[in-house]
Amino acid sequence: MYIGLDLGTSGLKALLIDADQNVVAEANAPLTNERPQDGWSEQDPASWLAACDAVMAALKERADLSGVKGIGLSGQMHGATLLDASDVVLRPCILWNDTRSHREAAALDADPQFRTITGNIVFPGFTAPKLAWVKQNEPDTFKATAKVLLPKDYLRLYLTGEFVGEMSDSAGTAWLDTSARDWSDALLAATDMDRSYMPRLVEGSEISGQLRPELAAQWGVSPSCVIAGGGGDNAASAIGVGVVKAGQAFVSLGTSGVLFAANDGYQPDAETAVHTFCHALPNTWHQMGVILAATDALNWYGRFVGKAAAELTANLGSLKVPTKTQFLPYLGGERTPLNDAAIRGAFTGLEHATDTAAGTRAVLEGVTFAIKDCAEALAATGTKIDRLLAVGGGTKSHYWLEAIATALGVPVDLPAAGDFGGAFGAARLGMMAATGGGAEIATAPHIQATIDPVSDLTAAYEDGFARFKTAQHALKRLT
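For reference, each letter of the sequence shown is one residue, going 5 to 483 in the numbering used here.
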């Protein structure tokens, strides 16, 4: 058997699968993050270890773990966990959604070598600008720092006693040479650091270490259990849904929205604000367009009108022409393709006839058009998407999936019920590491339904997107 541990922002999930990739048991432990100042977001790394112990204890109660041969890790990206020379955590981890280092990010991004070597804009959420902020604002902490680990790699240190990272997560630090799949000495030097601060690197499907004997005994796991390199949350999710080769892609309708495409070559275009990262498999890369509010926008609107998201979307009927009312979903800034932390959302075209249903459709359409904006950014780099797999809570809305299929002009496949998230992908990576397997393990899920574009509405959605872009340009001048 194999275990996937997915360290998210709001919780840690453990998933146990058998040799046929059937889910045997799962467990969850909640996590909280602190916001001590505006724009800050932090978490105590000790809470990750406590959560790990809790989920493993729960799994042990639900299944015999003596057959576990491999554990894979998935995790929230970009977080800065700072350790001193004795491996003591120096301060709370600065998380991916912390924007305090926006000035430092802009300064690093102005240095051409960062985009040239990483293939990406240096976003405020990335790790390198966080260390630049610490150096400027907490100099004693910076001086005491001996190692910088991403969240799941700190969990790995607990599991194995070793400092190891992997390519997909490390690509989000702004220190990785994404083409060479190695740390960049030049970029580390630009932030007054060197390789000694970094963990050694492995591929996500490779062995990164062995489970510590005392943990193996405590959890009833085989003492020969290995820990896979694992992956950043989206790369691990891609392993979970079988998006591992060029031409394969998925759209995730979670709190944020992600349009993810696998590539068998490295084809960056930082100007588009597309994320070009290493995938969790060797010699494979991926690109992502990221929007910051997907179901988050629908939940926000639900609070505004006093209805739950499921109630709002339940009776929308068949897909309709986009509403006169438009919604721009920039509730907390936007990543792709705008790279604009200051822009904020808006409703436009409100009229007497705008009711709750029209507002709901406007929100779904606004997020849909933001995803189409990502698709056009990916297309500008040469990435072609022929069809999409849809995952995440937003896929419960058939109307939304029809809108996405029609706006992007591609069929959207909906997997049959099952768990295909980061924990499942991590468990698959654990299987690869333990067995020597590769991409053949990451098969696509059984498809429950395929939602085709509504051809009669294609022109209307093209017109709606054009109006969305016009409103977007006007909004940028206001914020």
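We put the beta carbon where it would ideally sit given N, CA and C, even for glycine.
Predicted, not measured: the structure shown is a model, and the values here were computed from it.
Asked: Cα-Cα separation, Met202 to Ile121; Found: 17 angstroms
Asked: Meets three-Cβ-pair contact criterion under 8 angstroms: the stretch 128 to 138 and the stretch 101 to 108; Found: yes
Asked: Helix, strand or coil at Leu332 according to DSSP, with G and I counted as helix; Found: strand
Asked: Same chain, Cβ closer than 8 angstroms to Lys480, five either side skipped, listed in chain order; Found: Leu342, Asp344 and Ile347
Asked: Residue nearest to Ala478 in terms of C-alpha spacing, selected from Phe351, Ala464 and Val458; Found: Phe351
Asked: Option nearest Asp88 by Cα separation, candidates Phe146, Ile211, Gln252 and Asp359; Found: Phe146
Asked: First through last residue of the alpha helix (DSSP H) which encompasses Ser51; Found: Pro49 to Arg66
Asked: Neighbourhood of Pro40 by C-beta distance below 8 angstroms, restricted to the same chain and skipping five residues each side; Found: Glu46
Asked: 8 angstroms contact criterion, which Asn238 and Val262 should meet: CB distance rounded; Found: 6 angstroms
Asked: 7 angstroms Cβ shell around Gly165 - same chain, five flanking residues per side excluded; Found: Arg216
Asked: Segments of 4+ residues assigned as alpha helix (DSSP H) that fall wholly inside the stretch 201 to 225; Found: 217 to 223
Asked: Alpha helix (DSSP H) runs wholly inside the stretch 404 to 482, at least 4 long, in chain order; Found: 426 to 439 and 462 to 480
Asked: Euclidean distance between Cα positions of Ala240 and Asp173; Found: 10 angstroms
Asked: Distance between Ala357 and Val309 (C-alpha atoms, nearest Å); Found: 16 angstroms
Asked: Close-in-space but distant-in-sequence residues of the same chain around Ser188 (CB under 7 angstroms, 5 per side omitted); Found: Ile121, Trp179, Leu180 and Asp181
Asked: Cutoff 6 angstroms; reference Gly246; Cβ partners in own chain excluding five residues on either side; Found: Ala446, Thr447 and Ala448
Asked: Test item: CB-CB of Lys400 and Ala314 under 8 angstroms; Found: yes
Asked: Cβ-based burial, Gly269 [other Cβ within 10 Å; buried from 16]; Found: exposed
Asked: For Val395 and Leu112, the rounded distance between their alpha carbons; Found: 34 angstroms
Asked: Beta-carbon proximity check, Ile211 vs Ala437, cutoff 8 angstroms; Found: yes
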